[in-house]
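Working notes, beginning with the structure itself.
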Amino acid sequence: EATYDMQARWLETGNALLLVAERGTACVGAAYWIVYKNAAYYASGVFAERNIAHTMIWRSLLALKTIGITQVSLGWQGRATTEKEQAIEFFKAGFGGVTIPVAVSEAATSGGVSTSDRVVDKIVVREAPPLGNPRGETR
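Written out as structure tokens, the structure is:
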């Protein structure tokens, strides 16, 4: 509960962006981004339909660019240990960008671990339909 409350506060203060995909009156997907200054981090996504994740991320990048975001991070790379995690890393890599090394500490006793984070350091917008509600309504 505390996490959801914090995420709601971040939306209210402009420290997060939530994009929602709708089919009719049903929510079929969402992408939540943490925003700070000119950067954003892909925090989570949920998709109730197949094959909408790419569109949601792409539309997110377009929306982030409109609010002045110039760098985005799609999260960890190079740490996959399962087939599912490898598929997720492959998905993230499909958006381009560069992989940069970062140091993390997994526990106070384990020391630093070398890993990497896939960062899209420039958002390039290609021609795409306008953002908005698929029914054309404004909110």
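61 is the number of the first residue of the sequence shown in the numbering used here; add one for each residue after it.
Think of the CB as a built atom: it goes at the ideal place given N, C-alpha and C, for glycine as much as any other residue.
If you're wondering where the values come from, they're calculated on a predicted model, not measured in any experiment.
Non-local C-beta neighbours of residue 87 in its own chain, meaning closer than 8 Å and more than five positions away in sequence, comprise 80, 81 and 108, ordered along the chain.
Per DSSP, residue 83 lies in no alpha helix (DSSP H); the unbroken beta strand (DSSP E) holding it starts and ends at 76-83. When the alpha-carbon of residue 90 is set against those of 103, 96, 155 and 99, the nearest one is in 103.
Scanning its chain for C-beta atoms nearer than 8 Å, with the 5 sequence neighbours on each side dropped, one finds around residue 140 the residues 146, 148 and 149, in chain order. Here the C-alpha atom of residue 137 lies approximately 23 Å from the C-alpha atom of residue 97. By the CB criterion at 8 Å, residue 100 and residue 124 fall inside the cutoff. Pairing residue 70 with residue 94 gives a Cβ-Cβ distance under 8 Å.
With a contact defined as Cβ atoms closer than 8 Å, residue 92 and residue 76 qualify at about 6 Å. Between residue 112 and the set 129, 83, 143 and 133, the nearest pair of CA atoms involves 83.
Inter-residue distance for residue 154 and residue 134 is about 11 Å (C-alpha atoms, whole angstroms).
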